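To keep things clear, I will list the structure first and then write my remarks on it.
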Amino acid sequence: MKVYTKTGDKGTTALFGGTRVPKDHIRIDSYGTVDELNSYIGLIRDQEINTHYKTILIEIQDRLFTVGAILATPQEKEVLKNGKLRLENLGIIDSDIELLENEIDTMEDTLPQMTHFILPGGHPTVSHCHIARCICRRAERLAVHLSHNEHVPEIAIQYLNRLSDYLFVLARKLSSDLKAEEVKWIPRK
């Protein structure tokens, strides 16, 4: 299989099911941003961090491939001609969100209560988490925007929302683990 197909040379691309759309279509922007997020999470996973976090990040990357597949499939192409679901063995389920929530709760149990906003930074690994969090929020906004006009399963949006929370708390936890300085945001008086 060749990497290049030349089918996108005129500015269109195919969704799952073969429908061609412009490359700047909101659906393409949505799953493209999820792909960007997935790549950035790979960068976080490549840092010198606890192996437990790496294991969770691999699980997240796997789920993000699923979210991307969901976003790349228009509703009219969700069911194949033989009646089977196109993404039959794929999907985001409640336990995927529960995993993120449990991880958030576990990390928060070891952190001091947040009483102020913090500025992103303090250590390169922490900064990578904050950038991933921002990309995740953008992916969520794009998926919500897409959902105004086309079907997007609500659970995919919920997963992105919870993932951005996870990435924020992971940044705080890594700040603690790496003994990085958390800088408080101080509003002007």
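Just so we're on the same page, the working numbering is the position in the sequence shown counted from 1, plus 455.
Where is the CB? At the ideal position from N, CA and C, for every residue including glycine.
The structure displayed is predicted, hence computed values, not measured ones.
For N493, the enclosing alpha helix (DSSP H) has its first and last residue at I481 to R500. Boundaries of the alpha helix (DSSP H) around Y621: E609 to D632. A direct Cα-Cα distance of roughly 17 Å separates T528 from L615. Below 8 Å, enough C-beta pairs join the stretch 566-585 and the stretch 487-507 to call them touching: three or more. By the criterion of a C-beta distance shorter than 6 Å, D564 is surrounded by no residue of its chain, once the five residues flanking it on both sides are discounted. When rounded, the separation of the alpha-carbon atoms in A594 and H585 is 14 Å. Under the three-pair Cβ rule at 8 Å, the stretch 599-614 does not count as touching the stretch 625-639. Burial of T521 is indicated by the presence of at least 16 other C-beta atoms within 10 angstroms of its C-beta.
In this structure the stretch 547-561 lies against the stretch 505-524, because at least three pairs of beta carbons, one per stretch, are closer than 8 Å. In the DSSP annotation of this structure, the continuous segment of the alpha helix (DSSP H) that includes F520 starts and ends at T506 to L526. Secondary-structure assignment with DSSP links K639 through a beta bridge to I573. If you check the CB distance, H603 and I481 do not come in under 7 Å.
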